[in-house]
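Protein chains in written order, with my numbering: chain A, 1 to 241; chain B, 1 to 241. Cβ atoms here follow ideal geometry from the backbone N, Cα and C, with glycine treated the same way. Note that the structure is a prediction, hence the values are computed from the model and not measured. Inspection log for the structure reproduced underneath, given as structure tokens.
There are 2 protein chains.
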Amino acid sequence: MSSSTDFTQRNHVLMSTRPEAQSFIAERLETRAIAAGDMLFDHGDPIHHAIFPQSGVISMLSHSEGGKSVEQVSIGNEGFLGFTYLMGGSSVPARAMVQVPGHASWLSITHLDEAMQRFQCVRAALLRYSKALIIQLMETIACNGLHSAEQRVASWLLLADRRMQGHTFVLTQDGLGRALGLRRATVSNICSDLQRAAAITYSRGHLSVTDRNRLRAHSCSCHDRIEAGMMIPGVQDNLLS
Amino acid sequence: MSSSTDFTQRNHVLMSTRPEAQSFIAERLETRAIAAGDMLFDHGDPIHHAIFPQSGVISMLSHSEGGKSVEQVSIGNEGFLGFTYLMGGSSVPARAMVQVPGHASWLSITHLDEAMQRFQCVRAALLRYSKALIIQLMETIACNGLHSAEQRVASWLLLADRRMQGHTFVLTQDGLGRALGLRRATVSNICSDLQRAAAITYSRGHLSVTDRNRLRAHSCSCHDRIEAGMMIPGVQDNLLS
DNA sequence: GTCGCTATGTACGATAACGTACTTCATACT
DNA sequence: AGTATGAAGTACGTTATCGTACATAGCGAC
């Protein structure tokens, strides 16, 4: 099995479809590396492809008015980009930017349509993620309003860790700050604290979660709810195995 | 035409379906008044019905941990409750509470399924709103992070005004504060300012928007984007006519 | 090894919104 | 008319986070 094939087997949406559908789609996927800062979609772009992350984290950002922007939602290997297409949309609702580098697979809308027509499970899988996305969005609104910067950083890192299957990942404090709408200085203090608490380890843009439980102690319950919403019956998460 | 029939003709989702579908559904709707504070769904409830607001505003709230709660999204006659059912969900993701009283129509899931099966336009209409909902959620996250309390209050009121078709509506500062996660004292100051600016008029729980343009000057562009996302081709908004 | 670039640490005052408490006022009820 | 009740106005100190600025330190290029 080639390493390219490996990369097409980590996306939970694709993994939750039936084997026939998986191989139909796998033959039509184009998998590439995605680098930090890459803009995969801009606000208003026509949807020609769906993008299935295999690793890394992609942020959907508000279109900055006056330089500032905020992450509206982050997407990893549990989801895909292009969800509004399912709902009759023809353009992308926000800018999508790579926050943590990794790999992702492109599938043209034509092929996606064909796959949905042939295999009912494909549309079901895409809709199932859309539900998780709505839950994630709703939880994020509550979380941003109720919880401290530290709790939100901890939650974001827990999610990133899961998406990266526990591996060290590339992320600067600056990037994390932009994702969460926080000052870099604020992130710096928080990360120091978390490292001192032996929850994470980082250095010059390389970060890893060393103790999920300790990190969870600094986060809020929102994270658990978001992760619960992402759980797909039948797809085991082999992070811990 | 009875007044009860009038109430079933103000929901944009239903109005955007074909006439045959509309009359099929209308016969099976149960329309009632909804009072401020009514809880229509609680977090985790099984979805037995979809609810189509005809007037008023319903808030979906985070399940309070420690008394505090925040509105995640508000729903009026442009949408419906029960959207996760479309995506394979069987339970409600958050508490739904009436914020501004009005009228709403219940439709059992059985009838909804039947309507979707008979009329393709029904599923399409429901999905179209789901897209608007996702956009609204994404905009809300950006808005909460970037804009002032005053701008958010103004946006909320503009949306409520549209949902109430320009009529005076029932809403206390306390309720508005809870919806937006603000202190009542903060809301009080903001409302005074807005009234002084001749944008709104209010007294003891009765509020009306007297000048949408002036109010818009105090809001942020998020409101325009949310409203744009709600526009359904083919359904004219007769607020201004 | 040295230099330069980028990531990170740290400090200052500024400010928007907070929690709480008390006052004032409009309407509905007796 | 008098009074109870709930809505709205106002004031105090408090706090989390901001904006900005400057200092330190790891790593690659030469």
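1) When burial is assigned at 16 or more other CB atoms within 10 Å of the CB, is B/His-218 buried or exposed?
2) So the candidates are A/Glu-27, A/Gly-79 and A/Ile-34; which of them puts its Cα closest to the Cα of A/Arg-162?
3) Below 6 Å CB to CB, which residues in the same chain sit around B/Ala-199 once its five sequence neighbours on both sides are set aside?
4) Along the chain, where does the alpha helix (DSSP H) containing B/Thr-168 start, and where does it finish?
5) For A/Gly-67, I'd like the list of residues in its chain whose CB is within less than 8 Å of its CB, leaving aside the five on either flank, ordered along the chain.
6) The ligand NAD and A/Phe-80: does the residue's C-beta get closer than 7 Å to at least one heavy atom of that ligand?
7) Three Cβ pairs or more, each shorter than 8 Å: is that satisfied between the segment 70–88 of chain A and the segment 175–194 of chain A?
8) Give every residue of the same chain whose Cβ lies closer than 7 Å to the Cβ of B/Gly-205, excluding the five residues on either side of it in the sequence, and list them in chain order.
9) Measure from the alpha carbon of B/Ala-142 to the alpha carbon of each residue in A/Trp-156, A/Arg-225, A/Pro-19 and A/Arg-95, then state which is nearest.
10) Can you check whether the C-beta of B/Ser-130 is within less than 8 Å of a C-beta belonging to chain A?
11) Determine the chain B residues that contact A/Ile-75 at a beta-carbon separation under 9 Å, and present them in chain order.
12) In whole angstroms, what separates the C-alpha of A/Gly-117 from that of A/Ser-108?
13) So, is B/Ser-241 buried or exposed, given that buried needs 16 or more other C-beta atoms within 10 angstroms?
14) So A/Leu-157 is in the alpha helix (DSSP H); what residue range does that whole segment cover?
15) If you draw a straight line from the C-alpha of A/Ile-25 to the C-alpha of B/Ser-55, how long is it?
16) Spatial neighbours of B/His-43 within its chain, please: CB distance less than 6 Å, with the 5 preceding and 5 following residues excluded, ordered by chain position.
17) Locate the beta strand (DSSP E) running through A/Gly-145, then write down its first and last residues.
18) What residues from the segment 68–100 of chain A come within 9 Å of chain B, judged by C-beta to C-beta, listed N to C?
19) Taking only the alpha-carbon atoms, compute the straight-line gap between A/Asp-38 and A/Met-60 and give it to the nearest angstrom.
20) Within 8 Å (strictly less), CB to CB, does B/Leu-137 reach chain A?
21) In terms of alpha-carbon separation, which member of A/Ala-154, A/Asp-113, A/Asp-45 and A/Ile-226 lies closest to A/Ser-91?
22) Taking 8 Å as the CB-CB cut-off, is A/Gly-177 touching chain B?
23) Using 8 Å as the limit for Cβ to Cβ distance, is A/Ala-124 near chain B?
Concretely, from the data shown:
1) Start at 1 with the first residue of the second sequence, and residue 218 of chain B comes out as number 218. Looking at its Cβ environment, which holds 16 or more other Cβ atoms inside 10 Å, B/His-218 is buried.
2) One-based indexing of the first sequence puts residue 162 of chain A at position 162. When each option's Cα is compared against that of A/Arg-162, the closest is A/Gly-79.
3) Along the second sequence, one-based indexing puts residue 199 of chain B at 199. Asp-211, Arg-214 and Leu-215, listed in sequence order.
4) Residue mapping note: residue 168 of chain B aligns to position 168 of the second sequence, counting from 1. Run containing B/Thr-168: none; DSSP gives neither H nor E here.
5) Counting from 1 along the first sequence, the entry for residue 67 of chain A is found at position 67. There are no such residues.
6) The ligand NAD is absent from the structure shown, which contains no ligands of any kind.
7) yes
8) Position 205 of the second sequence holds residue 205 of chain B. Contacts found: Val-170, Leu-171 and Thr-172.
9) Taking the second sequence and counting its residues from 1, the one referred to as residue 142 of chain B is at position 142. The residue with the shortest Cα to Cα distance from B/Ala-142 is A/Arg-95.
10) Translated into positions along the second sequence, residue 130 of chain B becomes position 130. Output row for B/Ser-130: interface = yes.
11) Residue 75 of chain A sits at position 75 when you count from the first residue of the first sequence. Going along chain B, no residue has its Cβ under 9 Å from A/Ile-75, so there is no contact; the nearest lies around 12 Å.
12) Within the first sequence, the letter at position 117 stands for residue 117 of chain A. Within the first sequence, the letter at position 108 stands for residue 108 of chain A. In the sequence as displayed, the identity of residue 117 of chain A is Gln instead of Gly. C-alpha separation (whole angstroms): 14 Å.
13) Within the second sequence, residue 241 of chain B is the residue found at index 241, counting from 1. Below a pLDDT of 50, predicted positions are generally treated as unreliable, and B/Ser-241, at 31, falls in that range; the measurement from the model is reported next regardless. Exposed, by the Cβ-count rule.
14) The residue labelled residue 157 of chain A in the question sits at position 157 within the first sequence. Looking at the DSSP string, the run of the alpha helix (DSSP H) that includes A/Leu-157 is 149–163.
15) Your numbering for residue 25 of chain A matches position 25 in the first sequence. Your numbering for residue 55 of chain B matches position 55 in the second sequence. Computed Cα separation, rounded: 45 Å.
16) As a first step, residue 43 of chain B is located in the second sequence; it is residue number 43 there, counting from the start. The answer, listed in chain order, is His-63, Ala-94 and Arg-95.
17) Locating residue 145 of chain A in the first sequence gives position 145, where the first residue counts as 1. Looking at the DSSP string, A/Gly-145 is not in any beta strand (DSSP E); the run it does join, the alpha helix (DSSP H), is 120–146.
18) Lys-68, Ser-69, Val-70, Glu-71, Gln-72, Val-73, Phe-83, Thr-84, Leu-86, Met-87, Gly-88, Gly-89, Pro-93 and Ala-94
19) Taking the first sequence and counting its residues from 1, the one referred to as residue 38 of chain A is at position 38. Taking the first sequence and counting its residues from 1, the one referred to as residue 60 of chain A is at position 60. Taking the straight line joining both Cα atoms gives about 12 Å.
20) Mapped onto the second sequence, residue 137 of chain B falls at position 137. At least one chain A Cβ lies under 8 Å of B/Leu-137.
21) The count along the first sequence starts at 1 and reaches residue 91 of chain A at position 91. When only C-alpha atoms are compared, the closest one is A/Asp-45.
22) By 1-based counting over the first sequence, the position of residue 177 of chain A is 177. No, no contact with chain B.
23) The count along the first sequence starts at 1 and reaches residue 124 of chain A at position 124. Answer yes: the Cβ-Cβ gap between A/Ala-124 and chain B drops below 8 Å somewhere.
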